[in-house]
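Numbering (this note's numbering), first residue to last: 151 to 326.
The following block contains the structure:
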């Protein structure tokens, strides 16, 4: 969302409505909470899979008859992984479909772990300035603002200084 791009009012309204429809709890939201709420809304299982190597994208959403598969880059920061996953979740929440059929060669590279599974469609970033990508990126940002990053820090939630860490992160603008 850099380079001077600003979301239109219509895009903002649509994304905020999609977020409100997810019915996330007010506190204690992590990436698994978002996944469970989205599974409940869609009535389908969502599998999150870290991938590494020479993939063509950082994130990917593949839909089968039974399961939604979200792949995200393994070799990046946890925050970036969450953003990638939230971006793919945003595509689901907004009802985006794939722009084009996936070639057999691309399917073999992108989803080597899903042999023999009938994939209905795959959505991956090929262009970054399309309306769907801008919409998904904006909604992913809204989802990331709802994630309680303090709760994800190892060992912090069980300790007495969790409130102090939360206040510090909030003062630094890192907790939405």
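Yeah, the Cβ is synthetic: ideal placement off N, Cα and C, and Gly gets one too. The model shown is predicted, which means the values in this text are computed figures rather than measured ones.
For residue 168, the enclosing alpha helix (DSSP H) stretches over residues 159-172. Burial is judged here by how many other beta carbons sit within 10 angstroms of a residue's own beta carbon; residue 235 has at least 16 and is buried. In this structure the stretch 192-199 does not touch the stretch 162-175; the number of beta carbon pairs closer than 8 Å is below three. Under the three-state reduction of DSSP, residue 291 is assigned to helix. Going by DSSP, residue 188 is part of the alpha helix (DSSP H) stretching over 181-192. Within the same chain, and ignoring the five residues on either side of residue 165 in sequence, the residues whose Cβ sits closer than 8 Å to its Cβ are 157, 240, 244, 285, 288, 289, 292.
About 7 Å separates the Cβ atoms of residue 242 and residue 218, confirming a contact at the 8 Å cut-off. Pairing residue 211 with residue 201 gives a Cβ-Cβ distance that is not under 9 Å. If you draw a straight line from the Cα of residue 162 to the Cα of residue 225, it comes to about 31 Å. Following the DSSP letters along the chain, one finds residue 198 inside the beta strand (DSSP E) bounded by residues 195-201.
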